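Participant: Here the protein sequences line up with chains A and B, keeping their order. For the first sequence, the numbering used here assigns the number 1 to the initial residue and increments by one for each residue that follows. For the second sequence, the numbering used here assigns the number 1001 to the initial residue and increments by one for each residue that follows. Got a structure here, written out as structure tokens. Questions coming.
There are 2 protein chains.
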Amino acid sequence: MTPAPGPARSHTATLSDVARLAGVSVATASKALNGRSQVRAETRQRVIEAAERLSFRPNQLARGLLAGRTGTVGLLTSDLEGRFSIPILMGAEDAFGAGEVAVFLCDARGDAIREQHHVRALLGRRVDGLIVVGSRTDPRPSLGRGLGVPVVYAYAPSDDPEDLSIVPDNVDAGRIAVEHLLACGRTRIAHITGDPGYAAAHDRVTGARAALADDGLSLVGEPRFGDWSEGWGRAAVTLLLDQHPEVDAVLCGNDQIARGAVDVLRERGLRVPEDVAVMGFDNWQVMTSGCRPLLTSVDMNLEQVGRAAAKALFGAIAGAPRPAVEALPCRVVIRGSTAHLS
Amino acid sequence: MTPAPGPARSHTATLSDVARLAGVSVATASKALNGRSQVRAETRQRVIEAAERLSFRPNQLARGLLAGRTGTVGLLTSDLEGRFSIPILMGAEDAFGAGEVAVFLCDARGDAIREQHHVRALLGRRVDGLIVVGSRTDPRPSLGRGLGVPVVYAYAPSDDPEDLSIVPDNVDAGRIAVEHLLACGRTRIAHITGDPGYAAAHDRVTGARAALADDGLSLVGEPRFGDWSEGWGRAAVTLLLDQHPEVDAVLCGNDQIARGAVDVLRERGLRVPEDVAVMGFDNWQVMTSGCRPLLTSVDMNLEQVGRAAAKALFGAIAGAPRPAVEALPCRVVIRGSTAHLS
DNA sequence: AAACAGGCCGAAAAGGCTTTCGTCAAGCTA
DNA sequence: TAGCTTGACGAAAGCCTTTTCGGCCTGTTT
């Protein structure tokens, strides 16, 4: 009992279907469609029309099997939820998408076992390369050297100096933030930041201090570590005002802390930015735009990080990769919460 | 000028390498590794050890070419940036990842041309199915019926009733939100929502009104449409208090509007939730946790939507799909901004 | 002892494509 | 006209795996 003939089992057209319709061999059909030169123009046209009529689409599996390259890469994130992975992922997807490369997305959910599992699966699918996206800028364990395909680490660098990593330059971020505040005429700058377990927190402190030292200044009080939340921003700025009422600027470790700081300053009757300037890091739109006034912030250029990682992977696939940690610059996005002291 | 021989071009081990090392034919090696029965136990062991020694990993391309199924699906998002795609994507990735299916991620950036391009590319890679993730719940153009692989639409339903779509139930969301406020003893409930161009806004109004009508009540004033921002929340609640100072609850179209509303209420000297209860939609953690008090919100269960879409796609790949729009329930997450009227 | 069953293994085809190389005809030179 | 080049095309191999089927060997049955 065979099924009723119906609409001819939409068996995807193959090259030999095209060849048959065009009255040529598969070899000729292949050459015609791929722009090889040994085909008469008229024949090529016939083949192209046949392919169109059958809406033929070459099977990339077969092609990849033969070529040894698949035109696919694996994107391994450690947590999609965290907001840092997304822009990086977008940048990478963008850079690859333009170049006919398809991206396998794998989320390890911060679990090493699951990560290992995904790496195996991706290698089984013969990806041409791997991008590993971390959720924080602290070094992470290398995937190892014997994978057979190039690997680029993004945001979180590998702990193996032989690997290639692309990270945002947090030290520079701290530096340009303070430089902006100095340019606004502020000299009594305090720093409230997040979890001391994060390298990003310390790097930004380092940059901030360096920029101040260049002008012969130093921070008002010590940097205040806490967590990355608005609540901590509110609490810390309250303490700060009690101890150092003279501050004229608060540099906050991220936008949420900054948002909390601004709220408390306003409630204490201090004007932002007239009395105290405030700025954050990350340039997270939902935070900067909800803030009154709009929040100045350092954009970490994460999409750029993703794009750079993709390009680096391209390079590594093509030739010999140069091991390195590449730190990309950030930029200050100026909004209402900072302004020149009048 | 050939490159120096170097470390023996790490030619990934193939099945015939394994077979040779184990002293058997590729056929036997394949059967041994795949648990087929016609292999002597001792032979099987030899093959397995050989595979291990060479760290052999079967080439999924070859396997897919033969089997006609690749074990891959395409995930087509219209904008990764928007925060709704991510949880859906996580849910889908999670559901597939467990089942040995790999996910191609493609972001169309809201561009129909690019979307078309990605669809072609994915079909060329012989994906077994497609999930299309929209950025809002309004119907979107169908990809069409003749693709040759099943398609499931998530979040944004297809405009073709023959397609299968999975969406959050916004009407129900509006209903359960109001039911929660009623359960808190509130009866003078106003509604501030976002862009009237969004179906979600209207659906939530519909559900809210239905729940009120069940109790013989109605909204305080008309629903106020605007945009989805904190700024609008602040502006709208200011107007609301002027016109209807009697309100004892404000249902906000999303968490950002709610956040703005809470801020203005506090600044006007009204206590939340004692005088006025406030709740939002989306349960976006950064908003709900930064709010004072913590914000009650309706969680749209988006990860669930992603998982359901993945399962539906599995079903469609296996058997005949049933066309439908499936609306998934939401849930109220109760926090400090709502409480029973004492 | 002859035939047979069953267990184990290998040869070969298939899947869709690209590429190399051989073939053939037409057009050219000597 | 013989011999050559050139251009256009097709046959076939190869990529890697799975699966079918036939063959061999051993042990068993009449």
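Yeah, the Cβ is synthetic: ideal placement off N, Cα and C, and Gly gets one too. Predicted model only: the values in this text are computed from it and were never measured.
What span of residues does the alpha helix (DSSP H) with SER289 (chain A) cover, start to end?
Facilitator: Taking the first sequence and counting its residues from 1, the one referred to as residue 289 (chain A) is at position 289. Taken as a continuous stretch (DSSP letters only), the alpha helix (DSSP H) holding SER289 (chain A) covers 285-290.
Participant: Starting from ARG1020 (chain B), trace the alpha helix (DSSP H) in both directions and tell me its first and last residue.
Facilitator: Numbered from its first residue, the second sequence carries residue 1020 (chain B) at position 20. 1015-1022 is the span of the alpha helix (DSSP H), which, as asked, contains ARG1020 (chain B).
Participant: Hey, is the stretch 1211-1228 of chain B in contact with the stretch 1285-1305 of chain B, meaning 3+ C-beta pairs nearer than 8 Å?
Facilitator: Short answer: they don't touch.
Participant: Here's a check: name, in chain order, each residue in its chain whose Cβ is nearer than 6 Å to the Cβ of ARG259 (chain A), leaving out the five neighbours to either side.
Facilitator: Reading the first sequence from its first residue, position 259 is the one you call residue 259 (chain A). Hits under 6 Å: GLU230, MET287, CYS291.
Participant: What are the uninterrupted segments assigned as alpha helix (DSSP H) that are 4 or more residues long and contained completely in the stretch 1022-1108 of chain B, given in chain order?
Facilitator: Fully enclosed alpha helix (DSSP H) runs of 4 or longer: 1026-1033, 1041-1053, 1060-1067, 1085-1098.
Participant: To be precise: take each residue of the stretch 52-64 of chain A, compare its Cβ to all Cβ atoms of chain B, and keep it if any distance is under 8 Å. Which residues remain?
Facilitator: Taking 8 Å as the Cβ-Cβ cut-off against chain B, the residues of the stretch 52-64 of chain A that qualify are ARG57, PRO58, ASN59, GLN60, LEU61, ALA62, GLY64.
Participant: Need the endpoints of the alpha helix (DSSP H) that VAL127 (chain A) sits in, please.
Facilitator: Walking along the first sequence from the start, residue 127 (chain A) turns up at place 127. Taken as a continuous stretch (DSSP letters only), VAL127 (chain A) belongs to no alpha helix (DSSP H), as it is neither H nor E.
Participant: Beta carbon of LEU61 (chain A), beta carbon of LEU1061 (chain B): below 8 Å?
Facilitator: Numbered from 1 along the first sequence, position 61 holds the residue referred to as residue 61 (chain A). Numbered from 1 along the second sequence, position 61 holds the residue referred to as residue 1061 (chain B). A contact, by the Cβ cut-off of 8 Å.
Participant: What number of angstroms, rounded off, separates the C-alpha of PRO1007 (chain B) from the C-alpha of LEU164 (chain A)?
Facilitator: Position 7 of the second sequence holds residue 1007 (chain B). Position 164 of the first sequence holds residue 164 (chain A). Low confidence applies to PRO1007 (chain B): its pLDDT is 32, below 50, so where it sits in the model is not reliable enough to give any reading.
Participant: For a contact defined as C-beta to C-beta under 8 Å, what are the partners of GLU1162 (chain B) on chain A?
Facilitator: For the purposes of this step, residue 1162 (chain B) is identified with residue 162 of the second sequence, where counting begins at 1. Result: empty, since nearest Cβ-Cβ is about 15 Å, beyond 8 Å.
Participant: Leaving out five residues before and five after ALA1004 (chain B) in sequence, what residues of the same chain have Cβ atoms less than 7 Å from its Cβ?
Facilitator: By 1-based counting over the second sequence, the position of residue 1004 (chain B) is 4. Caution applies to ALA1004 (chain B), whose pLDDT of 31 falls short of 50 and renders its modelled position unreliable; the value that the coordinates give is listed next. Nothing meets the Cβ criterion.
Participant: Does ILE1317 (chain B) come within less than 8 Å of chain A when only Cβ atoms are used?
Facilitator: Numbered from its first residue, the second sequence carries residue 1317 (chain B) at position 317. With 8 Å as the cut-off, ILE1317 (chain B) does not count as an interface residue toward chain A.
Participant: Run the CB neighbour count on GLN45 (chain A), radius 10 Å, all protein chains shown included, and call it buried at 16 or more, exposed below.
Facilitator: Residue mapping note: residue 45 (chain A) aligns to position 45 of the first sequence, counting from 1. The residue is exposed, with fewer than 16 neighbouring Cβ atoms inside 10 Å.
Participant: Apart from the five residues on each side of it in sequence, which residues of its chain come closer than 6 Å, Cβ to Cβ, to ALA316 (chain A)?
Facilitator: On the first sequence, residue 316 (chain A) is found 316 positions in, with the first residue counted as 1. PRO150, listed in sequence order.
Participant: Could you round the C-beta distance between ASP107 (chain A) and LEU80 (chain A) to whole angstroms and report it? I think they count as a contact, below 8 Å.
Facilitator: As a first step, residue 107 (chain A) is located in the first sequence; it is residue number 107 there, counting from the start. As a first step, residue 80 (chain A) is located in the first sequence; it is residue number 80 there, counting from the start. That belief holds up - the Cβ atoms of ASP107 (chain A) and LEU80 (chain A) are roughly 5 Å apart, short of 8 Å.
Participant: Does DSSP put GLU1230 (chain B) in a helix, in a strand, or in coil?
Facilitator: Translated into the one-based positions of the second sequence, residue 1230 (chain B) becomes position 230. GLU1230 (chain B) falls in the helix class under three-state DSSP.
Participant: Under a CB-based cut-off of 8 Å, is GLU115 (chain A) close to chain B?
Facilitator: The residue given as residue 115 (chain A) occupies position 115 in the first sequence. No, GLU115 (chain A) does not count as interfacial toward chain B.
Participant: Below 8 Å, can you find three or more Cβ-Cβ pairs linking the stretch 1331-1342 of chain B to the stretch 1114-1126 of chain B?
Facilitator: The stretch 1331-1342 of chain B vs the stretch 1114-1126 of chain B: no contact.
Participant: Mind checking whether ASP17 (chain A) and LEU54 (chain A) have CB atoms under 8 Å apart?
Facilitator: The sequence position of residue 17 (chain A) within the first sequence is 17, counting from 1. The sequence position of residue 54 (chain A) within the first sequence is 54, counting from 1. Taking 8 Å as the Cβ cut-off, ASP17 (chain A) and LEU54 (chain A) qualify as a contacting pair.
Participant: Measure from the alpha carbon of PRO1329 (chain B) to the alpha carbon of each residue in B:ASP1227, B:LEU1302, B:ARG1188, then state which is nearest.
Facilitator: Along the second sequence, read from residue 1 onward, the residue named residue 1329 (chain B) stands at position 329. That would be B:LEU1302, whose Cα lies nearest to the Cα of PRO1329 (chain B).
Participant: From the DSSP output, in three-state form, read off PRO1007 (chain B) for me.
Facilitator: Stepping through the second sequence from its first residue, residue 1007 (chain B) is reached at position 7. Model confidence at PRO1007 (chain B) stands at a pLDDT of 32, short of 50, so the residue's coordinates are unreliable; what they give is reported in the following sentence. Three-state DSSP puts PRO1007 (chain B) in coil, outside helix and strand.
Participant: Please report the straight-line C-alpha distance between THR1206 (chain B) and SER1218 (chain B), rounded to a whole angstrom.
Facilitator: Taking the second sequence and counting its residues from 1, one reaches residue 1206 (chain B) at position 206. Taking the second sequence and counting its residues from 1, one reaches residue 1218 (chain B) at position 218. One C-alpha to the other measures close to 11 Å.
Participant: For ASP1094 (chain B), tell me which candidate among B:GLU1042, B:ARG1307, B:HIS1244, B:GLY1134 has the shortest Cα-Cα distance.
Facilitator: Sequence index remark: in the second sequence, residue 1094 (chain B) carries index 94 (1-based). Answer by Cα proximity: B:ARG1307.
Participant: Among the residues of its own chain, which have a CB less than 6 Å from the CB of GLY1174 (chain B), if the five just before and after it don't count?
Facilitator: Here residue 1174 (chain B) is taken as the residue at index 174 of the second sequence, counted from 1. The answer, listed in chain order, is ARG1204, GLY1207, ALA1208.
Participant: Assign PHE314 (chain A) to one of three DSSP states: helix, strand, or coil.
Facilitator: Translated into the one-based positions of the first sequence, residue 314 (chain A) becomes position 314. It is helical.
Participant: For LEU1265 (chain B), collect the residues of the same chain with a Cβ closer than 6 Å to its Cβ; drop the 5 residues on either side in sequence, then sort them by chain order.
Facilitator: As a first step, residue 1265 (chain B) is located in the second sequence; it is residue number 265 there, counting from the start. Cβ within range, chain order: VAL1272, VAL1276.
Participant: From the beta carbon of CYS330 (chain A), is the nearest beta carbon of chain B less than 8 Å away?
Facilitator: Within the first sequence, the letter at position 330 stands for residue 330 (chain A). CYS330 (chain A) does not count as touching chain B.
Participant: Just the chain A side, please: which residues come within less than 9 Å of ASP1107 (chain B) by C-beta, in chain order?
Facilitator: Position 107 of the second sequence, counting from 1, holds the residue named residue 1107 (chain B). LEU89, MET90, GLU93, ASP94, GLY97, listed in chain order.
Participant: Starting from VAL1332 (chain B) and walking both ways along the beta strand (DSSP E), at which residues does that stretch end?
Facilitator: Within the second sequence, the letter at position 332 stands for residue 1332 (chain B). It spans 1331-1333 - the beta strand (DSSP E) in which VAL1332 (chain B) sits, taken as one unbroken run.
Participant: Classify GLY1233 (chain B) as buried or exposed, calling it buried when 16 or more other Cβ atoms lie within 10 Å of its own Cβ.
Facilitator: Within the second sequence, residue 1233 (chain B) is the residue found at index 233, counting from 1. When all chains shown are included, GLY1233 (chain B) counts as buried.
Participant: Nearest to LEU68 (chain A) by alpha carbon, out of A:VAL39, A:THR43, A:ARG126, A:ARG40?
Facilitator: Taking the first sequence and counting its residues from 1, the one referred to as residue 68 (chain A) is at position 68. A small fix is needed here, since residue 68 (chain A) is Gly in this sequence, not Leu. For GLY68 (chain A), the nearest C-alpha among the options comes from A:ARG126.
Participant: Taking Cβ-Cβ distances shorter than 7 Å, what residues in chain B pair up with THR12 (chain A)?
Facilitator: The residue labelled residue 12 (chain A) in the question sits at position 12 within the first sequence. Ordered by position in chain B, the residues that pass the 7 Å Cβ test against THR12 (chain A) are GLY1148.
Participant: So the beta strand (DSSP E) LEU328 (chain A) belongs to, where does it begin and stop?
Facilitator: Against the first sequence, residue 328 (chain A) aligns to sequence position 328. Segment 324-328, the beta strand (DSSP E) holding LEU328 (chain A).
Participant: Can you list, in chain order, the residues of its chain whose CB lies under 7 Å from that of ASP215 (chain A), leaving out five sequence neighbours each side?
Facilitator: Here the question's residue 215 (chain A) lines up with position 215 in the first sequence. Excluding residues within five positions, the ones whose Cβ falls inside 7 Å are LEU182.
Participant: Out of A:ASP263, A:PRO139, A:ALA327, A:ALA92, which has the shortest C-alpha to C-alpha gap to LEU105 (chain A)?
Facilitator: The residue labelled residue 105 (chain A) in the question sits at position 105 within the first sequence. Of the listed residues, the one whose Cα sits closest to LEU105 (chain A) is A:ALA92.
Participant: Could you tell me which of B:THR1296, B:LEU1076, B:ARG1331, B:GLU1162 sits nearest to ALA1310 (chain B), measuring between CA atoms?
Facilitator: Against the second sequence, residue 1310 (chain B) aligns to sequence position 310. Ranking the options by Cα distance to ALA1310 (chain B), first place goes to B:LEU1076.
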